[in-house]
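Note that this note's numbering has the sequence shown beginning at 59, numbered continuously upward.
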Amino acid sequence: MPDFYYPCPHGNRTYATFWMFEPGYIPSTLPSGDYRLDVYFRDATRSVLYAIQMFCSMRKQGLIG
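See the structure below:
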């Protein structure tokens, strides 16, 4: 789960989250391109409790979005 979460300042039910990954989870180099990360939280019966998709673009200048 996220280390920190707080209500969205726009007043809706969306939450802004701040994720912290261990350095070992992040590759040292990534080729340029568009990436999608699928995250699933499941229980012991493999029922999905929570799922999220995150998108980003890697360019020569670094990570975008």
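Glycine is no exception: its CB is placed at the ideal position from the N, C-alpha and C atoms.
| Check | Outcome |
| --- | --- |
| Whose CA, out of 83, 88, 82, 78, lies closest to the CA of residue 115? | 88 |
| Straight-line CA distance for residue 103 to residue 120? | 39 Å |
| Look at residue 107 and residue 100 and say whether their C-beta atoms are less than 8 Å apart. | yes |
| Which residues does DSSP list as the beta-bridge partners of residue 102? | In the DSSP output, where bridge partners are listed per residue, residue 102 has none listed. |
| Do you know offhand how far residue 91's Cα is from residue 80's? | 23 Å |
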